[in-house]
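First comes the structure, then the notes that go with it.
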Amino acid sequence: MSLRIFLHSLRQVFGNLSGALQVSGVLMLVQFAVLLTFGSGMPTDEAGMRQMMMDGQMPWGRILLSALVTTVIWLWIVVGWHRYILLNELPRLVPAFRLDRILGYFGKSLLIGLILLPLALILGFLGGGIASALVHGGGSVIPALIVMGVIVYIPLAVVGMRLGTMLPGAALEPGVPVFSGWEATRGATVTILGVVVLSVALALVLEVVGIQVFDDPLSVPALVYELIKQWIVAMVGASILTTLYGHFIEKRPLV
Numbered sequence: 009m010s011l012r013i014f015l016h017s018l019r020q021v022f023g024n025l026s027g028a029l030q031v032s033g034v035l036m037l038v039q040f041a042v043l044l045t046f047g048s049g050m051p052t053d054e055a056g057m058r059q060m061m062m063d064g065q066m067p068w069g070r071i072l073l074s075a076l077v078t079t080v081i082w083l084w085i086v087v088g089w090h091r092y093i094l095l096n097e098l099p100r101l102v103p104a105f106r107l108d109r110i111l112g113y114f115g116k117s118l119l120i121g122l123i124l125l126p127l128a129l130i131l132g133f134l135g136g137g138i139a140s141a142l143v144h145g146g147g148s149v150i151p152a153l154i155v156m157g158v159i160v161y162i163p164l165a166v167v168g169m170r171l172g173t174m175l176p177g178a179a180l181e182p183g184v185p186v187f188s189g190w191e192a193t194r195g196a197t198v199t200i201l202g203v204v205v206l207s208v209a210l211a212l213v214l215e216v217v218g219i220q221v222f223d224d225p226l227s228v229p230a231l232v233y234e235l236i237k238q239w240i241v242a243m244v245g246a247s248i249l250t251t252l253y254g255h256f257i258e259k260r261p262l263v
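Following this line, the structure appears as structure tokens:
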């Protein structure tokens, strides 16, 4: 079932590439341009960032404005994509800017984040303690990262995805109960776990390809690849939620 859901989500994007680009293409380019504009002059290494903060030169206003703009654009894309798939609402140059649905989607996402916060703190404390013990015991960083992934990220992602199954509904209409996705996916935790693992695998493969192919992460080809990678991860992620909503809540068959 996990593989069927994942493949169905991939087909939503790549089997309908013209529609996916119609919904997201222009807005993703605008988002990327905003990031490049606001990120110009910023150091790309940790030492440079730390030095800028110590010198009091960190442009916090520019960073917050960039985060706000990119968040609004992403919400605009994902709400438009859910509506395109579930309602066949065809965009023109860009999807219709539905402020009420964007705010509703953001509010439900924020509420899910707050629900996850106590679990994140507990798992983070547990995973961080084990990972720290491994590193201080002479182990390498890689096993510690794996421990953090298994103990912290994957459980949070599974719970978050079950809760987030209702989010496409928030893109369609107001008043969708925040726990409706959790209830609809009752008994499907293992299936959701499989979808999370497949999603992480896709993101890791794309990341490794970029590291292996491009020596300079700031070169034009590397930046173009980064844009494509972000688009794939974002659109497939949104399509997974659309598929889960359609299958578990609207009872649509997986084809």
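So the sequence shown is numbered by my numbering: it starts at 9 and just counts up by one. Yeah, the Cβ is synthetic: ideal placement off N, Cα and C, and Gly gets one too.
Determine the DSSP secondary structure at F222, reduced to helix, strand or coil.
-> coil
Proximity winner among T45, L98, L101 and V86, relative to S74 (alpha-carbon distances) | T45
Close-in-space but distant-in-sequence residues of the same chain around V80 (CB under 8 Å, 5 per side omitted) | I110
At least 3 beta-carbon pairs within less than 8 Å: the segment 169-185 vs the segment 138-157 = no
Beta strand (DSSP E) runs contained entirely in the segment 169-227, provided each spans 3 or more residues | none
Which runs of the alpha helix (DSSP H), 4 residues or longer, sit entirely within the segment 64-147?
-> 68-95 and 107-144
Hey, how far is the Cα of L125 from the Cα of L153?
-> 20 Å
CA-CA distance, L11 and G69?
-> 43 Å
Is the segment 102-119 in contact with the segment 81-93, if contact means three or more CB pairs nearer than 8 Å?
-> yes
Is there contact here, the segment 239-256 with the segment 184-200, by at least three beta-carbon pairs under 8 Å?
-> yes
Counting pairs of beta carbons, one from the segment 157-166 and one from the segment 241-251, are three or more of them closer than 8 Å?
-> no
Okay, do the segment 191-206 and the segment 228-237 touch, 3+ Cβ pairs below 8 Å being the bar?
-> no
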